[in-house]
Amino acid sequence: MVDQLERARYAVALTGAGVSTESGIPDFRSPEIGLWAQVNPLEVASVDGFLSNPQRFYEFWKWRFAKLTEAKPNVTHKVLASLEAQGKLKAVITQNIDGLHRKAGSERVIEVHGNYARGVCVDCRRVYAIEDVFVKVEQSGVPRCDGCDGLLKPDVVLFGELLPPAFSEAEREAARCDLLLVLGSSLEVYPVAGLVPRAKHSGARVVIISRDPTEFDHIADPVIHARLGPVMRRLTERLGLE
Ligand code: ZN
């Protein structure tokens with residue numbers, strides 16, 4: 034992977050839940066270790082579930098969001114931030130909502146599933162800090178917009194929702210890059226997974242590092258099935274990063 038990085042003129046990373054699990058954030062979509070084990074995801078993670086019972090939604094997410102606030106970037110976040118600072122990496126496209134890439138120092142972060150730290154009014158789109166949303170939850174169970182009394186929703190993409198405008202930017206980056214590093218994503222969620230063949234068809238080299246096999250392993254070179262931490266630490270040494 035060092036060779037690919039050194040040869041690349043426009044490298045872009047695509048990161049998934051596997052990048053965050055090493056910061057202690059559970060994989061929200063893994064049936065075994067994920068938090069879906071005890072709950073029906075459609076009730077607490079779909080837009081219909083949210084709209085039909087926002088109180089239940091917020092009860093479920095309250096301490097989980099508090100945990101995201103405490104999480105710290107790990108070696109993968111730091112390596113990507115260093116690569117960007119050196120001009121080797123042009124953007125990070127992430128499916129994660131935890132904001133850890135920015136905390137690590139990455140500047141060009143395209144959050145295709147949103148960011149938990151913001152809340153947004155579903156009617157007038159006014160933006161709130163998530164802390165303020167949770168203050169309203171404490172006060173009245175269901176948080177409402179100061180301007181229009183609309184329902185406030187965390188600015189993350191729930192099941193059943195369209196992706197934000199940031200996704201168009203991600204598509205442009207996928208078409209433009211000459212190296213796509215896929216890190217910690219099982220590539221099961223569309224349309225994000227479609228960025229990988231998109232990059233490949235535009236002539237990019239694809240590198241996949243993921244614990245589990247993915248649908249696109251056959252178009253990647255190399256594919257490394259391993260935990261990210263050890264791989265990224267070796268990369269740090271070989272590239273002489275901090
Ligand atoms: Zn509003």
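One rule links them: number in the working numbering = place in the sequence shown (from 1) + 33. Backbone N, C-alpha and C define an ideal beta-carbon position, used for all residues, glycine too.
Residue interval of the alpha helix (DSSP H) (run including residue i)
i: residue 101; result: 87-103
i: residue 75; result: 74-78
i: residue 115; result: 108-118
First through last residue of the beta strand (DSSP E) which encompasses residue i
i: residue 36; result: Segment 35-40 is the alpha helix (DSSP H) holding residue 36; no beta strand (DSSP E) there.
i: residue 47; result: 44-48
Residue i to residue j span [Cα, whole Å]
i: residue 250; j: residue 168; result: 45 Å
i: residue 16; j: residue 92; result: Absent from the model: residue 16. The displayed extent of the chain is 34 to 275, so no value can be given.
i: residue 209; j: residue 182; result: 42 Å
i: residue 89; j: residue 57; result: 24 Å
i: residue 233; j: residue 239; result: 7 Å
i: residue 38; j: residue 98; result: 35 Å
i: residue 65; j: residue 141; result: Here residue 65 scores only 48 on pLDDT, less than 50, and its place in the model should not be relied on; the value that follows carries that caveat. For residue 65 and residue 141, the distance between alpha carbons rounds to 32 Å.
i: residue 171; j: residue 94; result: 13 Å
i: residue 259; j: residue 157; result: 44 Å
i: residue 221; j: residue 263; result: 24 Å
i: residue 219; j: residue 261; result: 13 Å
i: residue 241; j: residue 113; result: 15 Å
i: residue 217; j: residue 53; result: 8 Å
i: residue 41; j: residue 121; result: 8 Å
i: residue 206; j: residue 173; result: 42 Å
i: residue 162; j: residue 102; result: 12 Å
i: residue 145; j: residue 273; result: 31 Å
i: residue 203; j: residue 73; result: 30 Å
i: residue 281; j: residue 108; result: Since the first residue of the chain shown is 34 and the last is 275, residue 281 is not available in this structure.
i: residue 110; j: residue 137; result: 6 Å
i: residue 81; j: residue 143; result: 26 Å
i: residue 55; j: residue 214; result: 18 Å
i: residue 83; j: residue 166; result: 14 Å
i: residue 106; j: residue 164; result: 21 Å
i: residue 192; j: residue 160; result: 21 Å
i: residue 190; j: residue 236; result: 30 Å
i: residue 100; j: residue 78; result: 17 Å
i: residue 24; j: residue 104; result: The displayed coordinates of the chain run from 34 to 275. Any statement about residue 24 would go beyond what the structure contains.
Residue-level contact to chain C via CB, residue i, 8 Å cutoff
i: residue 183; result: The structure shown contains no chain C, having only a single protein chain.
Quiz item: When the Cβ atoms of the region 119-135 are set against those of the region 169-180, are three or more pairs found closer than 8 Å?
Solution: no
Quiz item: Counting pairs of Cβ atoms below 8 Å between the region 133-152 and the region 186-197, do you hit three or more?
Solution: yes
Practice problem: List in chain order: all unbroken alpha helix (DSSP H) runs of 4+ residues lying wholly within the region 128-168. | Solution: 133-137
Self-check item: Every unbroken beta strand (DSSP E) within the region 190-270, with a cutoff of 3 residues, ordered by chain
Solution: The qualifying runs are 212-216, 238-242.
Quiz item: Quick check: the region 115-131 against the region 39-56, are there 3 or more CB pairs under 8 Å?
Solution: yes
Quiz item: Which residues are close to the ligand ZN, meaning CB closer than 6 Å to any heavy atom, in chain order?
Solution: 154, 156, 157, 159, 178, 180, 181, 183
Self-check item: Contact between the region 218-226 and the region 251-269 (3+ Cβ pairs under 8 Å)
Solution: no
Self-check item: Three CB pairs or more closer than 8 Å across the region 102-119 and the region 195-207
Solution: With a cut-off of 8 Å, the region 195-207 and the region 102-119 do not count as touching, because too few Cβ pairs lie within range.
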